[in-house]
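This report refers to the structure that appears directly beneath it.
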Amino acid sequence: MKYVITGAAGNISKPLAEKLLKAGHEVTVISRQEKNIESLISQGAQAAIGSVEDIDFLTKTFTGADAVYTMVPPHFGATDWKAYIGQIGKNFATAIKNSGVQYVLNLSSVGAHLPEGAGPVSGLYRAEQALNELADVKIKHLRPVYFYTNFLASIPMVKHMKIIGSNFGGPGFTMVLTHPDDIAEVAFEELNKLEFTGHSYRYIASDERPTSDIASVIGKAIGQPELPWITFTDEQSLNGLLQAGLPEEIAKNYTEMGHALQSGLFMEDYLINRPAQSGKTKLEDFARQFAAVYQAG
211 MKYVITGAAG NISKPLAEKL LKAGHEVTVI SRQEKNIESL ISQGAQAAIG SVEDIDFLTK
271 TFTGADAVYT MVPPHFGATD WKAYIGQIGK NFATAIKNSG VQYVLNLSSV GAHLPEGAGP
331 VSGLYRAEQA LNELADVKIK HLRPVYFYTN FLASIPMVKH MKIIGSNFGG PGFTMVLTHP
391 DDIAEVAFEE LNKLEFTGHS YRYIASDERP TSDIASVIGK AIGQPELPWI TFTDEQSLNG
451 LLQAGLPEEI AKNYTEMGHA LQSGLFMEDY LINRPAQSGK TKLEDFARQF AAVYQAG
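Its first residue numbered 211, the sequence shown is counted upward by one per residue in the working numbering.
And the structure:
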């Protein structure tokens, strides 16, 4: 089978491409620069150098593929992040229609049922809607929950303030978590089989833990067993993100997403449609990864 993978050598796209190559499939990987995918090229992948903002490039690259894996790359320079994400979704949809691809596996997110109020994930709602306009194409949207790896951005806070937290969490609050490796495994399963039909979505989760557990387990892994989880106000969260150097548009969107998590709206559809199986990466597994990055910094 012939597959096109967007996302270059990202934390999901790279292991997904590697799994497909090992299974004997033909894989083309889209990247802005060839140097970013040299390891995949050495394993047999074909390089397609260009931008997901270029519909003609996407159409040419998608043509002849049995299936494509789509994901919107981060763009922290966007002046309207949700609109940018939605536009890339439209680009994908146009290229898929023009190229005749019949199967699409799209990386979305938990919370993508919300057209507004979910930060960048409301942009993914728009991307899902654009793809779903392709009536004759089989599409599955992957909706993973909160990435463990997002906590790596908290390392400066943990080091300098001896706390971890966000504008969500607190007593009685349970986080649903997953790891990019577990997402890549599900993506490989779906693409290797190509048995999905119509338009559907699939949630991906690996563990469910109170935020107090998250702080405790990570704290123990780095020698700070008393590490507390602190729930910030939206204003505190926004100011912290701005002080960390994030552009205002990005900081506002992340704060909005955290607010949606705290309100419960973000997870409401997931709670109705929990996955039958969980990923293998548990909080304790990720804590070892966190500790390695923490100690190397």
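Think of the CB as a built atom: it goes at the ideal place given N, C-alpha and C, for glycine as much as any other residue.
**Report entry** Contact under 8 Å by Cβ, residue 218 with residue 249
**Finding:** No, the Cβ-Cβ distance between residue 218 and residue 249 is not below 8 Å.
Report task. Could you please give the first and the last residue of the uninterrupted alpha helix (DSSP H) stretch that includes residue 463? Result -> First-last of the alpha helix (DSSP H) with residue 463: 458 to 473.
Requested in this report: Leaving out five residues on either side along the sequence, give the residues of the same chain with a beta carbon under 8 Å from the beta carbon of residue 414.
Outcome: Cβ neighbours of residue 414 beyond the five flanking positions: 352, 353, 354, 355, 388, 392, 393, 396, 485 and 489.
Query raised in the report: In terms of alpha-carbon separation, which member of 239, 460 and 346 lies closest to residue 288?
Result: Per the Cα distances, 460.
Query raised in the report: Nearest-angstrom Cα distance between residue 344 and residue 273?
Result: Rounded to whole angstroms, the gap between the alpha carbons of residue 344 and residue 273 is 16 Å.
Query raised in the report: For residue 246, which residues from the same chain have a beta carbon less than 7 Å from its beta carbon, with the 5 sequence-adjacent residues on both sides left out?
Result: Counting only Cβ-Cβ distances below 7 Å, and skipping sequence neighbours, we find 218 and 219.
Query raised in the report: Below 8 Å, can you find three or more Cβ-Cβ pairs linking the segment 334 to 341 to the segment 368 to 377?
Result: Flag = no, the segment 334 to 341 and the segment 368 to 377 do not touch.
Query - Stretch pair the segment 433 to 443 + the segment 373 to 386: three plus CB contacts closer than 8 Å - result: The segment 433 to 443 is in contact with the segment 373 to 386.
**Report entry** Entirely enclosed beta strand (DSSP E) segments - the segment 314 to 388, minimum 3 residues
**Finding:** Counting whole runs of 3 or more residues, the segment 314 to 388 contains the beta strand (DSSP E) stretches 348 to 354, 374 to 376 and 384 to 388.
Query raised in the report: residue 412 and residue 385: beta carbons closer than 8 Å?
Result: Between residue 412 and residue 385, the C-beta spacing is not below 8 Å.
Report task. Below 8 Å CB to CB, which residues in the same chain sit around residue 328 once its five sequence neighbours on both sides are set aside? Result -> A distance below 8 Å between beta-carbons, with the five flanking residues on each side excluded, links residue 328 to the following residues of its chain, in chain order: 321, 322, 335, 466, 467, 470, 475 and 476.
**Report entry** Residues near residue 464 in its chain [Cβ-Cβ closer than 7 Å; skip 5 each side]
**Finding:** Cβ neighbours of residue 464 beyond the five flanking positions: 329 and 451.
Report task. Evaluate contact between the segment 359 to 367 and the segment 495 to 505, counting only Cβ atoms and requiring at least three cross-stretch pairs below 8 Å. Result -> A contact exists between the segment 359 to 367 and the segment 495 to 505.
Query - Cα-Cα separation between residue 422 and residue 212, rounded to whole angstroms - result: Going by the C-alpha atoms only, they are around 45 Å apart.
Requested in this report: May I have the straight-line CA-CA distance separating residue 228 from residue 216, to the nearest angstrom?
Outcome: If I take the Cα positions, the gap works out to 13 Å.
Query raised in the report: Between the Cα of residue 424 and the Cα atoms of 493, 230 and 241, which residue gives the shortest distance?
Result: Among 493, 230 and 241, the Cα nearest to that of residue 424 belongs to 493.
Report task. Pick helix, strand or coil for residue 257, following the three-state DSSP scheme. Result -> Of the three classes helix, strand and coil, the one that applies to residue 257 here is strand, per DSSP.
Requested in this report: Tell me residue 277's beta-bridge partners as DSSP assigns them.
Outcome: DSSP lists 213 and 313 as partners of residue 277.
Report task. Within the same chain, show all residues whose beta-carbon is closer than 7 Å to that of residue 226, passing over the 5 residues directly before and after it, in chain order. Result -> These residues qualify, in order along the chain: 215, 279, 394, 397 and 398.
Query raised in the report: Which word fits residue 258, buried or exposed, when buried means at least 16 other C-beta atoms lie within 10 angstroms of its C-beta?
Result: Under the 10 Å beta carbon count, residue 258 is surrounded by 16 or more other beta carbons and is classified as buried.
Report task. Give every residue of the same chain whose Cβ lies closer than 7 Å to the Cβ of residue 313, excluding the five residues on either side of it in the sequence, and list them in chain order. Result -> Its chain contains 276, 277, 348 and 404 as the residues whose beta carbon lies nearer than 7 Å to that of residue 313, once the 5 sequence neighbours on both sides are disregarded; these appear in chain order.
Query raised in the report: Which of helix, strand or coil does DSSP assign to residue 414?
Result: Here residue 414 sits in strand by DSSP.
**Report entry** Other residues of its chain near residue 436: CB distance less than 8 Å, five sequence neighbours each side excluded
**Finding:** Only 429 meet the Cβ criterion.
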